[in-house]
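Heads up: the structure comes next, in structure tokens.
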Amino acid sequence: MDAEKCEFLAGDESIEIIPKLNADEIHLISADVGPFEAGVGTRVPLWLALLLRKKHYCTIVTPNWLSPDELRRYLVAETENAGLTELPNYFFEIAHILVREAHEDLLESDLVKTLVQDLWDRREAKLRTSIVKFLSQKNVSHARLDYVQPTEVVAARPTLAACKQIARLVANIHDSQQSQT
Amino acid sequence: MDDSFQPDALLNAASSSGEAAEEIGNEEEDEELITPAEVLLKMKRAWQNEAAAPCILPHQYEILEILVDQIDGMDENLARVKDKTQLKVSIHRAELQRINYLTSDYMRIRLKKIEGNVRRIMTQHNERLRQGKPPLLSEQELRFAEKYAKAEAQLLGKSVLGFLPTPVQKIPHPEEDADLSSVYLQVLEDNVENVPLPDYTDPTAEIIVSLERDSIHLIPFAPIRDHLENDRVRLL
């Protein structure tokens, strides 16, 4: 997995758009979308929203959780909570895609960008400290990370190589202990 | 508006793939009809698992073939449309491109894994067949693997091994150490059995870990392999 694949998957999440045209219902393989009526909000997969937007057929409605107020609330929760807090699915991917491709449609996109970055930094710091703690011991082989986001898993992927090394070392220790006894 | 390209033309495509899905369903002893959307979801999961797994997983070519049929059907429908600039056409094209990426990347990842350790994977494949488990490789992949192994042997023989004394004329056969790897996983179902993990402090002991629904874990790969093959967990 890498960040691009995460964004690809995030493309299937649904998002609200305001179409600028009228069109009948369309039967896609993944789902049916539409009918579209100019000015009336409807939900479509993110990839379709981006496609329509590129052709100037719609504007994208900022998801509720991407408004500055909601983001501040997430930030506060993230500070108060020792573990990770729950975020909407594909939070960082969708935020990243929208800021990159549709920032004119976002409300206060610069502020949103900073807030999302803050949130990312805070979560990353938590993840990093816990990973360092996890890797500097050799008694436990399992860790639980609820509410971790797909991009964060990608960022934490190098840990897996380290885990493998540790597992190999531990296996060697056990082997040598057994051969001694 | 062009009459040859209306929703019902697409409905036909959808229902024909529905039949294909049903056939597969029958083979797998439950006769539920799978909708194209569900097939797509399964493919997405298979792709994600394959991309995140440290070794090659049993193939999911039934799903892949249904999707490829679907893509072909849709392509035909689209080819019949005279007015290529229709919005509908470009939307369908975009969706096809996404599905195409999914299926080709899935195959690409698997072929890469096969090339990485072709002999080991072929032995594992045969072992699984002997044990009556679902096959690791599809027929096409097996053919590819055999060809690749042969080509590799020839190349090594010509370039290096031919010049070495006979006792060391061996083709490298790296150990697969997926058993030592760890993975990130999410639990998909309720009541997934607890998993025994090796206790690093004591080689004879085990630690039991419970897997609650939706929880995410960093966990050694070997003990959860069966859960993965039964779709009870997914890799991240």
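Read top to bottom, the protein sequences are chains A and B. Position 181 (the first sequence) corresponds to 181 in full-length UniProt numbering; numbering is contiguous. Position 170 (the second sequence) corresponds to 170 in full-length UniProt numbering; numbering is contiguous. For glycine and all other residues, C-beta sits at the position ideal for the given N, C-alpha and C. These numbers come from a predicted model, not from an experiment.
HIS217 of chain B - partner residues in DSSP beta bridges: Position 217 of the second sequence holds residue 217 of chain B. Residue pairing by DSSP places HIS217 of chain B opposite A:ARG144, B:LEU185 in a beta bridge.
is_contact[HIS217 of chain B, chain A] using C-beta, thresh 8 Å: Indexing the second sequence from 1 puts residue 217 of chain B at position 217. So yes, HIS217 of chain B belongs to the interface.
C-alpha gap between SER179 of chain A and ASP190 of chain B, whole angstroms: For the purposes of this step, residue 179 of chain A is taken as the residue at position 179 of the first sequence. For the purposes of this step, residue 190 of chain B is taken as the residue at position 190 of the second sequence. So the alpha carbons of these two residues sit roughly 42 Å apart.
First through last residue of the beta strand (DSSP E) which encompasses GLU212 of chain B: Stepping through the second sequence from its first residue, residue 212 of chain B is reached at position 212. Run containing GLU212 of chain B: none; DSSP gives neither H nor E here.
Close beta carbons around ASP118 of chain A, own chain, < 7 Å, minus the five adjacent residues each side: For the purposes of this step, residue 118 of chain A is taken as residue 118 along the first sequence, with counting starting at 1. In chain order, LEU75 place their CB closer than 7 Å to the CB of ASP118 of chain A, counting only its own chain and leaving out the 5 sequence neighbours on each side.
Burial state of PHE36 of chain A (16 or more Cβ within 10 Å): By 1-based counting over the first sequence, the position of residue 36 of chain A is 36. Buried is the label assigned to PHE36 of chain A, since at least 16 other Cβ atoms lie within 10 Å of its Cβ.
Interface flag, SER104 of chain B vs chain A, CB-CB below 8 Å: Taking the second sequence and counting its residues from 1, one reaches residue 104 of chain B at position 104. Not closer than 8 Å to any Cβ of chain A, the Cβ of SER104 of chain B fails to qualify, so no.
Within chain A, partners of LEU91 of chain B - CB distance below 7 Å: Numbered from 1 along the second sequence, position 91 holds the residue referred to as residue 91 of chain B. In the sequence as presented, Leu is not what sits at residue 91 of chain B; that position holds Ile. Chain-order list of chain A residues neighbouring ILE91 of chain B: ILE26, LEU48, LEU51, by C-beta distance under 7 Å.
Close Cβ partners of LEU21 of chain A (< 7 Å) along its chain, the five nearest in sequence each way excluded: By one-based count along the first sequence, residue 21 of chain A stands at place 21. Result list for LEU21 of chain A: PHE36, ALA38, TYR57, in chain order.
Cutoff 8 Å: LYS113 of chain B Cβ touching any chain A Cβ: What you label residue 113 of chain B is simply residue 113 of the second sequence in a count that begins at 1. It does not: the Cβ of LYS113 of chain B has no partner Cβ on chain A nearer than 8 Å.
Given 8 Å, three or more beta-carbon pairs between the segment 138–147 of chain A and the segment 94–104 of chain A: Taking a cut-off of 8 Å for Cβ pairs, the segment 138–147 of chain A and the segment 94–104 of chain A do not touch, as fewer than three such pairs fall below it.
Amino acids of chain A, ordered along the chain, whose beta-carbon sits closer than 7 Å to that of LYS88 of chain B: The residue labelled residue 88 of chain B in the question sits at position 88 within the second sequence. Here the neighbours are ILE26.
Partner residues on chain B for ALA23 of chain A, Cβ-Cβ distance less than 8 Å: One-based indexing of the first sequence puts residue 23 of chain A at position 23. Simply LEU87, LYS88.
Beta carbon proximity, PRO220 of chain B to chain A, threshold 8 Å: One-based indexing of the second sequence puts residue 220 of chain B at position 220. Under the Cβ criterion of 8 Å, PRO220 of chain B is counted among the residues facing chain A.
Identity of the residue in A:LEU160, A:THR59, A:HIS174 nearest ALA52 of chain B by Cα: Here residue 52 of chain B is taken as the residue at index 52 of the second sequence, counted from 1. Among A:LEU160, A:THR59, A:HIS174, the Cα nearest to that of ALA52 of chain B belongs to A:LEU160.
Nearest-angstrom Cβ-Cβ length linking ILE121 of chain B and ILE56 of chain B, presumed shorter than 8 Å: Mapped onto the second sequence, residue 121 of chain B falls at position 121. Mapped onto the second sequence, residue 56 of chain B falls at position 56. About 6 Å separates the beta carbons of ILE121 of chain B and ILE56 of chain B, which is inside the 8 Å limit, making them a contact pair.
Proximal residues, the segment 166–198 of chain B versus chain A, C-beta separation under 8 Å: From the segment 166–198 of chain B, only ASP177, LEU180, SER181, SER182, VAL183, TYR184, LEU197, PRO198 have a Cβ closer than 8 Å to chain A.
Where PRO68 of chain A falls: helix, strand or coil (DSSP): What you label residue 68 of chain A is simply residue 68 of the first sequence in a count that begins at 1. It is helical.
Distance, GLU108 of chain A Cα to GLU13 of chain A Cα: Along the first sequence, one-based indexing puts residue 13 of chain A at 13. Along the first sequence, one-based indexing puts residue 108 of chain A at 108. If you take the alpha carbons of GLU13 of chain A and GLU108 of chain A, they lie about 22 Å apart.
Cβ-based burial, THR204 of chain B [other Cβ within 10 Å; buried from 16]: As a working note, residue 204 of chain B is residue 204 in the second sequence. So THR204 of chain B ends up on the exposed side.
Continuous beta strand (DSSP E) stretch holding GLU175 of chain B: start and end: As a first step, residue 175 of chain B must be located in the second sequence, where it is residue number 175. Segment: none, GLU175 of chain B is in no beta strand (DSSP E) and carries neither H nor E.
Buried versus exposed call for LYS112 of chain B [16 or more other C-beta atoms within 10 Å across all chains shown]: In the second sequence, residue 112 of chain B corresponds to position 112, counting from 1. Looking at its Cβ environment, which holds fewer than 16 other Cβ atoms inside 10 Å, LYS112 of chain B is exposed.
Contact set between ALA52 of chain B and chain A, taken where Cβ atoms lie within less than 8 Å: Position 52 of the second sequence, counted from the first residue, corresponds to residue 52 of chain B. From the beta-carbon of ALA52 of chain B, the residues of chain A found nearer than 8 Å are MET1.
Within chain A, partners of THR123 of chain B - CB distance below 9 Å: As a working mapping, residue 123 of chain B is identified with position 123 in the second sequence. THR123 of chain B does not reach chain A, its nearest Cβ partner there being about 22 Å away, counting only Cβ pairs nearer than 9 Å.
Cβ pair count under 8 Å reaching 3, the segment 73–91 of chain B against the segment 18–32 of chain A: Enough Cβ pairs lie closer than 8 Å, so yes.
Per-residue burial, GLU19 of chain B [other beta carbons within 10 Å of its own, 16 or more giving buried]: In the second sequence, the residue the question calls residue 19 of chain B occupies position 19. Any answer about GLU19 of chain B is weak, because its pLDDT of 42 lies below 50 and its placement is not dependable; what the coordinates show is given next. GLU19 of chain B should be labelled exposed.
Which listed residue (A:GLN177, A:ASP105, A:LYS54) has its alpha carbon closest to that of THR62 of chain A: Residue 62 of chain A sits at position 62 when you count from the first residue of the first sequence. Comparing Cα-Cα distances from THR62 of chain A to each of A:GLN177, A:ASP105, A:LYS54, the minimum goes to A:ASP105.
Distance between beta carbons of TYR147 of chain A and LEU66 of chain A, contact taken as under 8 Å: Looking up residue 66 of chain A in the first sequence gives position 66. Looking up residue 147 of chain A in the first sequence gives position 147. Incorrect: roughly 18 Å between the Cβ atoms, too far for contact.
Cβ separation of ALA149 of chain B and LEU137 of chain B, assumed to be a contact under 8 Å, to the nearest whole Å: Within the second sequence, numbered from 1, the residue matching residue 149 of chain B stands at position 149. Within the second sequence, numbered from 1, the residue matching residue 137 of chain B stands at position 137. With a Cβ gap of about 12 Å, ALA149 of chain B and LEU137 of chain B do not count as contacting.
Span of the beta strand (DSSP E) around SER14 of chain A: Translated into the one-based positions of the first sequence, residue 14 of chain A becomes position 14. Boundaries of the beta strand (DSSP E) around SER14 of chain A: 14–19.
Short CB-CB distance (under 8 Å) between LEU127 of chain A and chain B: On the first sequence, position 127 is the one that residue 127 of chain A refers to. No, LEU127 of chain A does not count as interfacial toward chain B.
Secondary structure of CYS55 of chain B, DSSP reduced to three states: Position 55 of the second sequence, counting from 1, holds the residue named residue 55 of chain B. Of the three classes helix, strand and coil, the one that applies to CYS55 of chain B here is coil, per DSSP.
Sequence-distant residues of the same chain with beta carbon closer than 7 Å to GLU229 of chain B, five excluded per side: For the purposes of this step, residue 229 of chain B is taken as residue 229 along the second sequence, with counting starting at 1. Counting only Cβ-Cβ distances below 7 Å, and skipping sequence neighbours, we find PRO58.
Cβ pair THR59 of chain A, ARG122 of chain A closer than 8 Å: Start at 1 with the first residue of the first sequence, and residue 59 of chain A comes out as number 59. Start at 1 with the first residue of the first sequence, and residue 122 of chain A comes out as number 122. Against a cut-off of 8 Å, the Cβ pair of ARG122 of chain A and THR59 of chain A comes out as no contact.
Alpha helix (DSSP H) runs contained entirely in the segment 92–173 of chain A, provided each spans 4 or more residues: Counting whole runs of 4 or more residues, the segment 92–173 of chain A contains the alpha helix (DSSP H) stretches 109–135, 150–155.
Proximity of LEU169 of chain A and ILE216 of chain B at Cβ, strictly below 8 Å: Stepping through the first sequence from its first residue, residue 169 of chain A is reached at position 169. Stepping through the second sequence from its first residue, residue 216 of chain B is reached at position 216. No; because the gap between Cβ atoms is not below 8 Å, this pair is not in contact.
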